[in-house]
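**Student:** Sharing a structure here in structure tokens format.
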Amino acid sequence: MRLSVIGCGYLGAVHAAAMASIGHEVVGIDVDERKIASLSRGEAPFFEPGLQEILSEGLASGRLRFSTDMADAAGAKVHFVGVGTPQQKDGYAADLTYVNAAVDALIPHLAEGDIVAGKSTVPVGTAATLAERVTPTGATLVWNPEFLREGWAVQDTIDPDRLVAGVPAGAEGERAADVLREVYHPSVAKNTPFIVTDLATAELVKVAANAFLATKISFINAMAEIAEVTGADVTTLADAIGHDARIGRRFLGAGIGFGGGCLPKDIRAFSARAEELGRGESVAFLREIDAINMRRRDRAVDLVVSALGGSVYKKNVTVLGAAFKPHSDDIRDSPALDVAVRLHGLGAWVTVTDPEAIENARRIHPQLNYVEDRDEALRAADAVIVVTEWDEYRRQLDPEHASSLATGRVIVDGRNCLDAAAWRAAGWDYYGMGRP
Ligand code: UGA
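In our numbering, each residue carries its 1-based index in the sequence shown increased by 15.
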């Protein structure tokens, strides 16, 4: 099928390449000339495992191309809209400028029977407003939220755990759902749940899922706070409650909390939208979720400060990690970088290392010292803090080896990902999050 994908960021670039890899003929469109030039050369503009391969294959097959010209969307049967919906600069609501601009630019190129499938995360009610503009062209607007995780984006797009299609009522909606079934034919063939619903439910499914995930993380981080004043161990607690299948162990990783381009801004946009709808109280708990999350960054900084005797001034602190999570070079709202910046603000000499995110981090926070090589970064450290649980730190960093590089013996495990006993045995003062 001929498809267009409007917006070639984390979501769109992966979606375009993944759709080509399952046999469709795809044009990816973005206003960013540099991004399009890079994608057209077959170079992934960001680090995402597996993207490079499907991008090269797609281009070589002739089924995948990229363009800055919206007119190239003409002729596609389905137009996916996957542009960003960042937090507004002066509030918590989502900034819909890019979604509106993308749909307005697309409208002149739509033909009778086309489908415009929104993928961006939007406040509930957005799709209905967009449908008013799209319907007069004879095209159908549907909402088809995306649940991919960065670091697993290719796999999540090609083989998602569920598909959701918000469609208009009646025959038009049924036809649109059938077209989407055709688009996602490999998933449909393997009976992946395919939920057909109305526009508002589809929009809400996405924000509800992210709100739930954020709540799960902050719940365990709240337990970490209680553990910290009682001497309990939050990791054992998480294991124990996680055995209850109704609770589950996943996303109960206590530490410095969630960041990235989705969870933080999505819970804020959800609160803002609920308030607009006169239902602010229904999701008032999300404010607490946000507050707990931000407090964990303070806690990590406090642990380093107190472990170094009350001040980090003129102390060498090595920060292991900058990306908001492993397998990504994304530093948007990264708790890892935030902790590094705060330590720097307190007068520490901060050295940051990360397997993938240094370039992005340096652009935003040039004041920090960046070192590519992990061992080089550890040299002469008075304290070390792990803030992104890359395998390079979690599994491959031997405490004895670290002892041969660092000056001090303070290790703060901001992700509860290290073997505390092994670090202690090697002579280190180990500090976890919500652990004795
Ligand atoms: C999140 C959702 O997980 C995806 O389903 C969704 O599609 C995506 O947002 C989106 O809206 O586009 P992502 O932002 O890639 O995906 O990252 P997550 O894997 O959800 O992790 C978010 C943050 O939570 C990271 O900073 C991670 O370190 C942190 N986290 C995760 C924890 O602190 N503890 C955990 O147990 C799990």
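We put the beta carbon where it would ideally sit given N, CA and C, even for glycine.
#1: Mind checking whether the beta-carbon of residue 388 lies closer than 7 Å to any heavy atom of ligand 3?
#2: In the DSSP assignment, find the unbroken beta strand (DSSP E) run with residue 21 in it and report its ends.
#3: Taking one C-beta from the segment 268 to 275 and one from the segment 224 to 243 each time, how about it: are there three or more such pairs within less than 8 Å?
#4: Please give the ranges of any alpha helix (DSSP H) in the segment 368 to 448, keeping only runs that are unbroken, at least 4 residues long and fully inside the region.
#5: The beta strand (DSSP E) with residue 209 in it runs from where to where?
#6: From the DSSP output, read off the bridge partner residues of residue 331.
#7: Given this structure, state the Cα-to-Cα distance separating residue 298 from residue 345, to the nearest angstrom.
#8: Under the rule that 16 or more other beta-carbon atoms within 10 Å means buried, what is residue 86, buried or exposed?
#9: Determine the extent of the beta strand (DSSP E) in which residue 130 is found, giving its start and end residues.
#10: Below 8 Å on the Cβ atoms is my contact criterion, and I expect residue 222 with residue 285 to pass it. Report the Cβ-Cβ distance as a whole number of Å.
#11: Do residue 128 and residue 142 have their beta-carbon atoms positioned less than 8 Å apart in this structure?
#12: So is residue 5 buried or exposed if we call it buried at 16+ other beta carbons inside 10 Å?
#13: For residue 330, collect the residues of the same chain with a Cβ closer than 6 Å to its Cβ; drop the 5 residues on either side in sequence, then sort them by chain order.
#14: Taking 8 Å as the threshold (beta carbon to beta carbon), is residue 133 in contact with chain C?
#15: From 25, 41, 174 and 65, pick the residue whose C-alpha is nearest to that of residue 50; which is it?
#16: Helix, strand or coil, according to DSSP, for residue 311 in the structure here?
#17: Okay, do the segment 347 to 354 and the segment 305 to 325 touch, 3+ Cβ pairs below 8 Å being the bar?
#18: In this structure, does DSSP put residue 102 in helix, strand or coil?
#19: Under the rule that 16 or more other beta-carbon atoms within 10 Å means buried, what is residue 154, buried or exposed?
#20: Heavy atom of ligand 1 less than 7 Å from the Cβ of residue 432, yes or no?
#21: Using a 10 Å radius around the Cβ and a threshold of 16 neighbouring Cβ atoms, would you call residue 90 buried or exposed?
#22: Can the beta-carbon of residue 114 be found less than 8 Å from the beta-carbon of residue 93?
#23: From residue 70 to residue 77, what does the alpha carbon distance come to, in whole angstroms?
#24: Kindly indicate which three-state DSSP category residue 194 falls into: helix, strand or coil?
#25: I want to check one thing, is the minimum distance from the CB of residue 370 to the heavy atoms of ligand 1 below 7 Å?
#26: Taking its Cβ as the centre, do 16 or more other Cβ atoms sit within 10 Å of residue 84, making it buried, or is it exposed?
#27: Could you tell me the distance, in whole angstroms, from the CA atom of residue 354 to the CA atom of residue 225?
#28: When every heavy atom of ligand 1 is checked, does at least one fall within less than 7 Å of the C-beta of residue 245?
#29: Give, in chain order, every unbroken run of the alpha helix (DSSP H) that is at least 4 residues long and sits entirely within the segment 65 to 103.
#30: Can you tell me where the beta strand (DSSP E) holding residue 180 begins and where it ends?
#31: Are the segment 432 to 448 and the segment 406 to 415 in contact at 8 Å, needing three or more beta carbon pairs?
#32: Looking only at C-alpha atoms, which of 120, 201, 18 and 407 sits nearest to residue 81?
#33: Exposed or buried, what is residue 370 when buried is set at 16 or more other beta-carbons lying within 10 Å of its beta-carbon?
#34: Compare the C-alpha of residue 292 against each of 168, 178 and 140 and name the closest.
#35: What does a CB cutoff of less than 6 Å around residue 276 pick up in its chain, not counting 5 residues either side in sequence?
#36: For residue 360 versus residue 400, is the C-beta spacing smaller than 8 Å?
**Tutor:** Judging by the given coordinates:
#1: No copy of ligand 3 occurs in the structure displayed; its ligands are ligand 1 alone.
#2: Here the question's residue 21 lines up with position 6 in the sequence shown. Its beta strand (DSSP E) spans residues 17 to 21.
#3: Touching, yes.
#4: As far as the segment 368 to 448 is concerned, its whole alpha helix (DSSP H) runs of at least 4 residues are 373 to 379, 389 to 393, 406 to 409, 414 to 418 and 435 to 440.
#5: Within the sequence shown, residue 209 is the residue found at index 194, counting from 1. Where residue 209 is concerned, the enclosing beta strand (DSSP E) stretches over 209 to 212.
#6: Reading the sequence shown from its first residue, position 316 is the one you call residue 331. Looking at the DSSP output, residue 331 bridges to 364.
#7: Taking the first residue of the sequence shown as position 1, residue 298 is located at position 283. Taking the first residue of the sequence shown as position 1, residue 345 is located at position 330. A straight-line Cα-Cα distance of about 28 Å links residue 298 and residue 345.
#8: If you number the sequence shown from 1, residue 86 lands on position 71. Classified as exposed, residue 86 has fewer than 16 neighbouring CB atoms from the shown chains inside 10 Å of its CB.
#9: Counting from 1 along the sequence shown, the entry for residue 130 is found at position 115. Boundaries of the beta strand (DSSP E) around residue 130: 130 to 133.
#10: On the sequence shown, residue 222 is found 207 positions in, with the first residue counted as 1. On the sequence shown, residue 285 is found 270 positions in, with the first residue counted as 1. Sure, about 5 Å apart at Cβ, within 8 Å.
#11: Numbered from its first residue, the sequence shown carries residue 142 at position 127. Numbered from its first residue, the sequence shown carries residue 128 at position 113. With respect to residue 128, residue 142 sits apart: the two C-beta atoms are not nearer than 8 Å.
#12: For residue 5 there is no data in the structure shown, the boundaries of the chain being 16 and 451.
#13: Indexing the sequence shown from 1 puts residue 330 at position 315. The beta carbon of residue 330 sits closer than 6 Å to the beta carbons of 323, 363 and 397 from its chain, once the five residues preceding and following it are set aside; these are given in chain order.
#14: Going by chain labels, chain C is absent from the structure shown, which holds only one protein chain.
#15: One-based indexing of the sequence shown puts residue 50 at position 35. Cα-wise, what sits closest to residue 50 is 25.
#16: Here residue 311 refers to the residue found at position 296 when the sequence shown is read from its first residue. In the structure shown, residue 311 falls within a helical segment according to DSSP collapsed to helix, strand and coil.
#17: In short, these stretches touch, since the Cβ pair count reaches three.
#18: The count along the sequence shown starts at 1 and reaches residue 102 at position 87. In the structure shown, residue 102 sits in a strand (DSSP, three-state: E or B).
#19: On the sequence shown, residue 154 is found 139 positions in, with the first residue counted as 1. Buried, by the Cβ-count rule.
#20: The residue given as residue 432 occupies position 417 in the sequence shown. Flag unset: Cβ of residue 432 not near ligand 1.
#21: On the sequence shown, position 75 is the one that residue 90 refers to. Exposed, because fewer than 16 other Cβ atoms sit within 10 Å of the Cβ of residue 90.
#22: In the sequence shown, residue 114 corresponds to position 99, counting from 1. In the sequence shown, residue 93 corresponds to position 78, counting from 1. Cβ distance not < 8 Å, so residue 114 and residue 93 don't count as in contact.
#23: Translated into positions along the sequence shown, residue 70 becomes position 55. Translated into positions along the sequence shown, residue 77 becomes position 62. Answer to the nearest angstrom: the Cα atoms are 11 Å apart.
#24: Mapped onto the sequence shown, residue 194 falls at position 179. Residue 194 carries a helical assignment under DSSP once its states are collapsed to helix, strand and coil.
#25: As a working note, residue 370 is residue 355 in the sequence shown. Taking 7 Å as the cut-off, one finds no heavy atom of ligand 1 near enough to the beta carbon of residue 370.
#26: Counting from 1 along the sequence shown, the entry for residue 84 is found at position 69. The residue is exposed, with fewer than 16 neighbouring Cβ atoms inside 10 Å.
#27: Within the sequence shown, the letter at position 339 stands for residue 354. Within the sequence shown, the letter at position 210 stands for residue 225. For residue 354 and residue 225, the distance between alpha carbons rounds to 23 Å.
#28: Looking up residue 245 in the sequence shown gives position 230. No.
#29: Within the segment 65 to 103, the complete alpha helix (DSSP H) runs of at least 4 residues are 66 to 76.
#30: For this step, residue 180 is matched to residue 165 along the sequence shown. Looking at the DSSP string, the run of the beta strand (DSSP E) that includes residue 180 is 178 to 181.
#31: Touching, per the Cβ criterion.
#32: The residue labelled residue 81 in the question sits at position 66 within the sequence shown. Comparing Cα positions, the closest option is 18.
#33: Stepping through the sequence shown from its first residue, residue 370 is reached at position 355. Buried is the call here.
#34: Along the sequence shown, one-based indexing puts residue 292 at 277. Nearest of 168, 178 and 140 to residue 292, Cα basis: 140.
#35: Residue 276 sits at position 261 when you count from the first residue of the sequence shown. Setting aside the 5 residues that flank it on each side, residue 276 is surrounded in the same chain by 347, each with a C-beta closer than 6 Å to its C-beta; the list follows chain order.
#36: To locate residue 360, count along the sequence shown from 1; it is residue 345. To locate residue 400, count along the sequence shown from 1; it is residue 385. Cβ atoms of residue 360 and residue 400: not closer than 8 Å.
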